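Undergrad: I'd like to ask you about the structure that follows.
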Amino acid sequence: MAEFLADAAADTGRPPAAFFPVWRRMSLQLALLTALGSLIVVAFTLFELPLDSRLERFAALGLTLVPLLLWAGISVYPEFQFYRPRRRLVGVAVVSALTASALGLPLIEDFFRVQEWLPLESVSQRILGYSLTVGVLDTGLKFLVLRYLIYPQALRVRSDAIAYAFAAALGYSFYLSLALVARQQPTLGFAALVVLGNLGVQLFSALFIALGIIESYFSDAFPLVLPLNLVAATAGSGLITALSPGLLSGPLSTAGSGDRPLFALGIVVATFAVTLGMVYFLYSNSERREREAYLGSGAADGI
Amino acid sequence: MEFETGRSPAIQITPRQRWSLAFSYILICFGLALGVNLRDGALRQASVYNNVEAGIRASYPARWLLEEAGADFVFRVRDMSFRGFNTRIEVSALPAGADSSARNLLDQLSLRRAQVLIDYTILGYEDYRLPDETDAISMAYAFVSRDASPFLESVSSLVNCLDILTIRRGQALVLSFCADASIYARELDTFTWFIENLEF
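As given, the protein sequences belong to chains D and Z, one line each in that order.
By the count of this note's numbering, the first sequence reaches residue 653 at its end, each step adding exactly one.
By the count of this note's numbering, the second sequence reaches residue 254 at its end, each step adding exactly one.
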């Protein structure tokens with residue numbers, strides 16, 4: 351396969367998309383998003399820069415599009431300059447957003463009605479509740495999108511799963527952020543936190559789904575590995591969803607309670623860093639094990 | 055540098071992979087079932103109200119706020135978590151003479167409400183049978199709810215209500231249920247459950 355790709359790439363004069371640096375591009379996008387979000391939070395929440403309310407509303411709505419625009423500019427467009435690009439990237443993002451719109455949000459709000467009972471529960475109940483409702487639903491829907499759009503027909507190398515999972519997380523979180531910003535009309539600083547926070551939760555679960563798919567498809571792992579990854583995705587997204595509102599709100603005192611946007615921003619950045627670090631570690635480890643197994647089986651040109 | 059596994063996209067998934075997909079679907083279904091169970095447990099968690107003096111014992115949603123002995127009611131419970139008009143169930147008792155009819159008592163209530171509620175409109179009367187086979191009469195009505203404070207600048211909302219009145223032992227018991235029109239149909243289940251568990 352590698353030789354075939356190299357020969358074909360030599361014929362077309364373009365490098366194969368399999369060598370497209372997915373992790374580097376994804377980290378760059380998250381770094382840029384975080385920098386932009388921090389700038390907005392500091393400018394509009396701490397320094398309270400004046401902005402016309404109508405303009406602020408449009409800017410907040412526009413902010414929900416920024417992750418997708420960055421992704422289109424940094425990942426999708428360059429990807430299509432390569433030989434054999436991942437053609438379903440845009441499709442996965444669009445179907446994920448439509449799934450969030452048609453199933454995800456309506457089921458969370460009208461079927462599970464989490465806003466009516468979960469915020470009133472204890473911390474442990476909230477974590478469990480969000481994991482078993484929002485977490486399972488979001489993870490399940492993203493898994494189904496990836497299963498039926500890319501698994502196994504669009505998987506050639508391990509990073510394919512990561513690239514498609516990132517697209518699913520972006521599409522899914524885009525609709526959630528858009529709906530929240532359109533309904534609640536938050537300030538620009540808070541809208542930035544909503545966009546980053548939603549992306550953080552969805553990214554965590556999508557990357558763990560991708561890890562499961564990678565292990566299942568490329569390593570032909572034990573059948574319980576994929577479900578266990580889904581459990582990790584569900585538990586992680588439930589944990590982040592349950593704890594983040596509490597971390598955003600300041601402690602109650604006789605003077606009232608104020609928000610802590612910088613603290614929330616720190617939590618979001620930490621979520622990105624921990625998610626990427628953890629998943630990259632597991633991904634590299636799995637890739638290294640397979641490379642060793644492949645070389646050990648007598649294939650000298652494994653790389 | 056990427057590591058190519060040598061797999062072709064044309065390769066079908068292996069039995070192991072098929073099993074892992076099956077387990078994943080089962081896990082998702084199982085997780086959702088647990089979530090539904092958790093939701094039902096939380097939403098249907100009940101507290102018991104017992105008033106020996108009025109001879110009323112009722113179960114109400116545990117998350118709702120209980121208020122006792124108001125000017126016009128024996129007790130009422132309200133869902134304070136809903137933004138806008140809080141769904142409420144109110145139980146009140148009216149003295150009923152030997153020649154009082156249920157319809158007359160409802161008309162009295164209507165006259166009183168028409169003076170205090172905005173755009174109070176009666177939607178209809180119907181015969182109603184309580185779970186213990188007692189006959190009662192129901193009256194559906196609607197009004198417009200507006201925030202008490204004009205500084206909140208909130209939009210008015212339409213509220214749908216249902217009164218159920220039954221006369222027993224020289225006393226008329228009125229069960230009133232009111233909810234925002236957008237969630238009325240859904241919340242009516244809670245009222246039905248409340249009536250099923252009411253003892254008086």
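Ideal placement from N, C-alpha and C gives every residue a C-beta, glycine not left out.
Computed from a predicted structure; not experimentally measured.
Checking contacts by CB at 8 Å: is D/L439 closer than that to chain Z?
TA: No, no contact with chain Z.
Undergrad: Between the C-alpha atoms of D/E640 and D/V619, what's the straight-line distance to the nearest angstrom?
TA: Spanning the two alpha carbons is a distance of roughly 31 Å.
Undergrad: To the nearest angstrom, how far is it from the Cα of Z/F254 to the Cα of Z/R111?
TA: Z/F254 and Z/R111: Cα-Cα distance of roughly 6 Å.
Undergrad: Spatial neighbours of D/V544 within its chain, please: CB distance less than 7 Å, with the 5 preceding and 5 following residues excluded, ordered by chain position.
TA: Taken in chain order, the residues that qualify are S527, L530, V531, P536.
Undergrad: Quick check: the stretch 618-635 of chain D against the stretch 551-559 of chain D, are there 3 or more CB pairs under 8 Å?
TA: As far as the Cβ criterion goes, the stretch 618-635 of chain D touches the stretch 551-559 of chain D, which means the pair count is three or higher.
Undergrad: Residues bridged to Z/N105 by DSSP?
TA: In the DSSP output, where bridge partners are listed per residue, Z/N105 has Z/I110.
Undergrad: Using a Cβ cut-off of 8 Å, pull out every chain D residue sitting near Z/W73, in sequence order please.
TA: Those within 8 Å of Z/W73 in chain D are P573.
Undergrad: How would you label Z/M193, buried or exposed, when you count the other beta carbons within 10 angstroms and need 16 or more for buried?
TA: Z/M193 is buried by the Cβ-count criterion.
Undergrad: Should Z/T141 go down as buried or exposed, given a rule of 16 or more other Cβ atoms within 10 Å for buried?
TA: By the neighbour-count rule (16 or more Cβ atoms within 10 Å), Z/T141 is buried.
Undergrad: Quick one: which chain Z residues come within Cβ less than 8 Å of D/G490?
TA: Within chain Z, the residues near D/G490 are I82, G85, L86.
Undergrad: What residues from chain D crowd round Z/R132, counting only those whose CB sits closer than 8 Å?
TA: Simply none; closest approach about 13 Å.
Undergrad: Between which two residues does the alpha helix (DSSP H) harbouring Z/I249 extend?
TA: Residues 238-250.
Undergrad: Taking Z/S135 as the reference, which of Z/A125, Z/V128, Z/E122, Z/W118 has the closest Cα?
TA: Looking at the Cα atoms, Z/W118 is the closest of the given residues.
Undergrad: Should D/I477 go down as buried or exposed, given a rule of 16 or more other Cβ atoms within 10 Å for buried?
TA: Its Cβ being crowded by 16 or more others within 10 Å, D/I477 is buried.
Undergrad: What residue range does the alpha helix (DSSP H) around D/D510 cover?
TA: Its alpha helix (DSSP H) spans residues 508-534.
Undergrad: Run down chain D in chain order and give the residues with a C-beta less than 9 Å from the C-beta of Z/A194.
TA: Near Z/A194 there are no residues of chain D at all, since even the closest Cβ is about 24 Å away, more than 9 Å.
Undergrad: Using the beta-carbon count (16 or more within 10 Å), is D/I653 buried or exposed?
TA: Any reading at D/I653 needs caution, since the residue's pLDDT is 47, under 50, leaving its predicted position unreliable; the model's value is listed next. With fewer than 16 Cβ atoms within 10 Å of its Cβ, D/I653 is classed as exposed.
Undergrad: Excluding the 5 residues flanking D/E471 on each side, which residues of the same chain have their C-beta closer than 8 Å to its C-beta?
TA: So the list reads G479, once near-sequence residues are dropped.
Undergrad: Can you tell me the Cα-Cα spacing of Z/G138 and D/R437, whole angstroms?
TA: In a straight line, the C-alpha of Z/G138 is about 47 Å away from that of D/R437.
Undergrad: Let me make sure I understand the geometry here. Which of Z/V145, Z/Y174, Z/T68 has the alpha-carbon closest to that of Z/G109?
TA: Minimum Cα distance to Z/G109 is reached at Z/V145.
Undergrad: Going by other Cβ atoms of all chains shown within 10 Å of its Cβ, with 16 needed for buried, is Z/I172 buried or exposed?
TA: Its Cβ having fewer than 16 others within 10 Å, Z/I172 is exposed.
Undergrad: What does Z/D89 touch in chain D if you count any residue whose Cβ is under 7 Å from its own?
TA: Correcting the residue type first, residue 89 of chain Z is Gly in the shown sequence and not Asp. Ordered by position in chain D, the residues that pass the 7 Å Cβ test against Z/G89 are F462, L482, T483, V486.
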